[in-house]
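Step one of this worksheet: look at the structure below.
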Amino acid sequence: PEDVVWMNHCFREFLDQCDEIKTKAKIKVKSRALEKILGDDLYLQGIRVCKKVVRITTWVDGDGLLKSPGAKGPIKQFMWTASGAKQLSIEVISRMMASFFYYETKASLPIFWDINGG
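Take the sequence shown: its letter number 20 is residue 20 in full-length UniProt numbering, and every next letter is one higher.
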């Protein structure tokens, strides 16, 4: 199905954007801009998604995101929902999600954000 193909492509782009943030090659979208673009409801939903992923990945060796379908699913679904609601391209929503994920998980998932660990 088209949505599955889109979500898989978008998730790969999200991981690439996370790598860009790790290596400081790409500037993160500011938290205030995320809130303004997404609106209150989607912004709060994004926070819940990040917290859910942290709970899931706590029990997985390594960064967890590459190994756990339970962690990928909420991120993919959020990007699909937010992209559709706000008419955002894969490049834009994946960069926003990577920035969002950084702000919400940099302290709780340090191994993921370590340039050598994740």
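Don't be surprised by glycine CBs; every beta carbon is placed ideally from N, CA and C. None of the values given here were measured: they were computed from a predicted structure.
Legend entry - Unbroken stretches of the alpha helix (DSSP H), 4 residues or longer, contained in the segment 16-82: 31-57
Inset, instruction - Out of Glu2, Asp114, Lys86, state which residue places its alpha-carbon closest to the alpha-carbon of aspartate 40. - result: For the purposes of this step, residue 40 is identified with residue 40 of the sequence shown, where counting begins at 1. Out of Glu2, Asp114, Lys86, Lys86 has the C-alpha closest to the C-alpha of aspartate 40.
Legend entry - Three-state class that DSSP yields for proline 110 in the structure shown: Numbered from its first residue, the sequence shown carries residue 110 at position 110. In the structure shown, proline 110 sits in a helix (DSSP, three-state: H, G or I).
Legend entry - Straight-line Cα distance separating phenylalanine 100 from arginine 32: The residue labelled residue 32 in the question sits at position 32 within the sequence shown. The residue labelled residue 100 in the question sits at position 100 within the sequence shown. Each residue's alpha carbon lies about 10 Å from the other.
Legend entry - valine 53 vs proline 74 beta-carbon contact at 8 Å: Numbered from its first residue, the sequence shown carries residue 53 at position 53. Numbered from its first residue, the sequence shown carries residue 74 at position 74. Yes; because the gap between Cβ atoms is below 8 Å, this pair is in contact.
Legend entry - Beta-carbon proximity of glutamine 17 to alanine 98, cut-off 8 Å: As a position in the sequence shown, residue 17 is number 17, starting the count at 1. As a position in the sequence shown, residue 98 is number 98, starting the count at 1. Yes; because the gap between Cβ atoms is below 8 Å, this pair is in contact.
Legend entry - Collapsed DSSP secondary structure at serine 89 in the structure displayed: Counted from its first residue, the sequence shown places residue 89 at position 89. Note: serine 89 maps to coil in three-state DSSP.
Legend entry - Outcome for alanine 107 when other beta-carbon atoms lying within 10 angstroms are tallied against a minimum of 16: In the sequence shown, the residue the question calls residue 107 occupies position 107. Under this definition alanine 107 is an exposed residue.
Legend entry - CB contact flag (methionine 96, leucine 15, <8 Å): Taking the sequence shown and counting its residues from 1, the one referred to as residue 96 is at position 96. Taking the sequence shown and counting its residues from 1, the one referred to as residue 15 is at position 15. Against a cut-off of 8 Å, the Cβ pair of leucine 15 and methionine 96 comes out as no contact.
Inset, instruction - Compute the Euclidean distance between the alpha carbons of isoleucine 21 and threonine 105, then round it to the nearest angstrom. - result: Taking the first residue of the sequence shown as position 1, residue 21 is located at position 21. Taking the first residue of the sequence shown as position 1, residue 105 is located at position 105. If you take the alpha carbons of isoleucine 21 and threonine 105, they lie about 13 Å apart.
Legend entry - Three-state secondary structure (DSSP) of asparagine 8: The residue given as residue 8 occupies position 8 in the sequence shown. Three-state DSSP puts asparagine 8 in a helix.
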